Amino acid sequence: MDEDLIRRIEAQLEEESVRRSPPPEWPVLPDLPVGRYTDEELFRLEAHGLFRRTWVYAGHESELPEPGSYLVFDRTGSPILIVRGHDRVVRAFYNTCRHRNAPVVKGSCGTARRLVCTFHSWSYDLEGSLVAVPDEFAFNGLDRSERGLVPVRCETWLGFIFVNEDPEALPLLDFLGPVAREITPEYEGQPLRIVHRRRLTLACNWKVVVEAFLEVYHLRTVHPKTLAPYLDGKASAIALFPHGHSRMVTRAMVSDGGKAGHEGLPVMPTVNRLLQATSTSYLIFPNIVAPLGHAGFPLLLAWPRGPQTTDYEWIYFGLDWGDGDPPPAWDQRMALFDMVMDEDMNNMEPIQRSLASLGARDIPLSWPERRIWHFDVHVDRAIGQEAVPAPLRVPPLLDDLIET
Ligand code: FES
Ligand SMILES: [Fe+2]
Numbered sequence: 073m074d075e076d077l078i079r080r081i082e083a084q085l086e087e088e089s090v091r092r093s094p095p096p097e098w099p100v101l102p103d104l105p106v107g108r109y110t111d112e113e114l115f116r117l118e119a120h121g122l123f124r125r126t127w128v129y130a131g132h133e134s135e136l137p138e139p140g141s142y143l144v145f146d147r148t149g150s151p152i153l154i155v156r157g158h159d160r161v162v163r164a165f166y167n168t169c170r171h172r173n174a175p176v177v178k179g180s181c182g183t184a185r186r187l188v189c190t191f192h193s194w195s196y197d198l199e200g201s202l203v204a205v206p207d208e209f210a211f212n213g214l215d216r217s218e219r220g221l222v223p224v225r226c227e228t229w230l231g232f233i234f235v236n237e238d239p240e241a242l243p244l245l246d247f248l249g250p251v252a253r254e255i256t257p258e259y260e261g262q263p264l265r266i267v268h269r270r271r272l273t274l275a276c277n278w279k280v281v282v283e284a285f286l287e288v289y290h291l292r293t294v295h296p297k298t299l300a301p302y303l304d305g306k307a308s309a310i311a312l313f314p315h316g317h318s319r320m321v322t323r324a325m326v327s328d329g330g331k332a333g334h335e336g337l338p339v340m341p342t343v344n345r346l347l348q349a350t351s352t353s354y355l356i357f358p359n360i361v362a363p364l365g366h367a368g369f370p371l372l373l374a375w376p377r378g379p380q381t382t383d384y385e386w387i388y389f390g391l392d393w394g395d396g397d398p399p400p401a402w403d404q405r406m407a408l409f410d411m412v413m414d415e416d417m418n419n420m421e422p423i424q425r426s427l428a429s430l431g432a433r434d435i436p437l438s439w440p441e442r443r444i445w446h447f448d449v450h451v452d453r454a455i456g457q458e459a460v461p462a463p464l465r466v467p468p469l470l471d472d473l474i475e476t
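Following this note's numbering, the numbering of the sequence shown begins with 73 at its first residue and continues without gaps.
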């Protein structure tokens, strides 16, 4: 973020803090169709049409420390093997053998000199080429050069590994656009590693989880003791970006509100004053919420498993501390972070039950909730608007507000 952008965001915070009505450019939106949180057809389109055709977070480079380190990413229906090559490049392949399609590796991570299939031991090098076939003479004219592992698009940004099963997809940085342009200078060159991770399964639609992090309207009700005393929920500056991404900056009520709960943790010198003094959070479409901080930040990841089932995880990244356990200040920070997350999590399943009840009606959204509309528009865009059942479509009515 450059100084000019920071000043614009600060001016926007000032403007929002005294706002008494939505601005003239805010259109009268139709209600958001409530069936979007329960419909089986829409779920199928999201799981197949969206998550298999977009960039999704699959791991972090620190999890693949040496050539031959691998992990298996299995969130989109087709297990994907991600492996660091001898040239230290991280590559992705379907974890599916070119013989009879058995999984090449078992388990979720490990280190190997070669990737040897679990069924009949065909072996592949770390770059995916088929290099050895037991009793190869018994196959007629098998051309090993044509039977390498099937590659999957794989690109990294700030050490985060993303995969995309669509061979035609935009390059990752083009897809991320302003999100990458703004975040990269804040953390570039700072070695990050995983401090903390939690996983749970929630009986709710994945969009219920994502959308709960796209507004601060709920601060005083859901987080009365943990966040509401520190953040001014009325002063939130929102930016909508192409491809469904968005940013929300919320003003702190105490001078170092952005630092609350970070006592004793190292400050990354690259992180700008806005990130230090506010709550600044991005939605990286479709399913990553990243509330940034000067000591590190989590990625909150929602993975659809069923129309009313979501696997949710949060992975907290901090500055690499060297050998041994994380510095004790992290324990305190993570306990506080998990407490706030639990306040949100406790809400999810009751909301879903209510959304799925006969009493549920379509949803009116306010100006400070506009990131939700933008997000849902891009869910439909990613699927293909024509494919979405007509009563559930969310028309693109906020495109004039998109910043590029
Ligand atoms: S299925 Fe992999 S070697 Fe046979
Ligand atoms: Fe919340």
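Backbone N, C-alpha and C fix where the C-beta goes; we use that ideal spot for every residue, glycine too. For clarity, every value in this text was computed on a predicted model and none was experimentally measured.
Asked, Found
"In chain order, what residues of the same chain have a beta carbon less than 6 angstroms from the beta carbon of Met73, not counting five sequence neighbours either side?", "Glu254, Asn344"
"Measuring only from the beta carbon, is Phe165 closer than 6 angstroms to any heavy atom that is part of ligand 1?", "no"
"For Phe145, count the other beta carbons within 10 Å of its own beta carbon; 16 or more makes it buried, fewer makes it exposed. Which is it?", "buried"
"Distance check for Ser141 and Gly394, CA to CA, integer angstroms please.", "20 angstroms"
"Between Phe191, Glu283, Val282, Val162, which has its C-alpha nearest Trp229's C-alpha?", "Val162"
"So, at 8 angstroms on beta carbons, what are the nonlocal neighbours of Val282 in its own chain, with the 5 sequence-adjacent residues on each side left out?", "Leu355, Pro358, Asn359, Val361, Ala374, Phe447"
"How should His450 be labelled, buried or exposed, when 16 other C-beta atoms within 10 angstroms of its C-beta is the threshold for buried?", "buried"
"Taking all protein chains shown into account, decide if Ala367 is buried (16 or more other Cβ within 10 angstroms of its Cβ) or exposed.", "buried"
"Mapping the DSSP letters down to three states, classify Tyr384 as helix, strand or coil.", "strand"
"Enumerated in chain order, which unbroken segments of the beta strand (DSSP E) with a length of 3 residues or greater are wholly contained in the segment 257 to 318?", "264 to 274, 303 to 312"
"Hey, Thr352 and Val326: beta-carbon distance below 7 angstroms or not?", "no"
"Indicate whether at least one CB of chain B lies closer than 7 angstroms to the CB of His268.", "The displayed structure is made up of one protein chain only, and chain B is not part of it."
"Answer yes if the segment 187 to 201 comes into contact with the segment 81 to 88, meaning at least three C-beta pairs across the two stretches below 8 angstroms, and no otherwise.", "no"
"Does ligand 2 have even one heavy atom less than 6 angstroms from the beta-carbon of Asp304?", "no"
"For Asp392, count neighbouring Cβ atoms within 10 angstroms of its own Cβ and tell me buried if that reaches 16, exposed if not.", "exposed"
"According to the Cβ coordinates, are Phe165 and Leu221 closer than 7 angstroms?", "yes"
"DSSP on Val451, reduced to helix/strand/coil?", "helix"
"Is Ser217 helix, strand or coil when you go by DSSP?", "helix"
"Ignoring anything shorter than 3 residues, give me the beta strand (DSSP E) runs that lie fully in the segment 354 to 379, in order along the chain.", "360 to 364, 368 to 378"
"Kindly indicate the opening and closing residues of the beta strand (DSSP E) around Leu202.", "202 to 204"
"For Ser180, which of helix, strand or coil comes out of DSSP?", "coil"
"With a 10 Å radius around its C-beta and 16 neighbouring C-beta atoms as the bar for buried, classify Leu272 as buried or exposed.", "exposed"
"Is the segment 146 to 156 touching the segment 224 to 242 in the sense that three or more CB pairs, one from each, lie closer than 8 angstroms?", "yes"
"Report yes or no: do three or more beta-carbon pairs, one from the segment 123 to 136 and one from the segment 95 to 110, lie closer than 8 angstroms?", "no"
"Looking at the strands, I want to know which residues DSSP matches up with Asn236.", "Arg225"
"Assuming Lys279 and Arg108 form a contact by the criterion Cβ under 8 angstroms, report the distance between their Cβ atoms to the nearest whole angstrom.", "7 angstroms"
"Taking three-plus beta-carbon pairs below 8 angstroms as touching, is the segment 303 to 313 in contact with the segment 413 to 421?", "no"
"Suppose you measure from the CA of Asp452 to the CA of Leu104; what does that come to, to the nearest Å?", "13 angstroms"
"In chain order, what residues of the same chain have a beta carbon less than 6 angstroms from the beta carbon of Arg124, not counting five sequence neighbours either side?", "Thr148, Glu237"
"Which of helix, strand or coil does DSSP assign to Arg170?", "coil"
"According to the neighbour-count rule (16 or more other Cβ atoms, all chains shown, within 10 Å of its Cβ), is Leu303 buried or exposed?", "buried"
"Roughly how many whole angstroms lie between the Cα atoms of Pro463 and Cys276?", "21 angstroms"
"Look up Ser438 in the DSSP assignment and say whether it is helix, strand or coil.", "coil"
"Do you know offhand how far Gly182's Cα is from Pro139's?", "11 angstroms"
"In the DSSP assignment, what are the bridge partners of His132?", "Phe232"
"Under a three-way DSSP split, which group does Gly394 fall into?", "coil"
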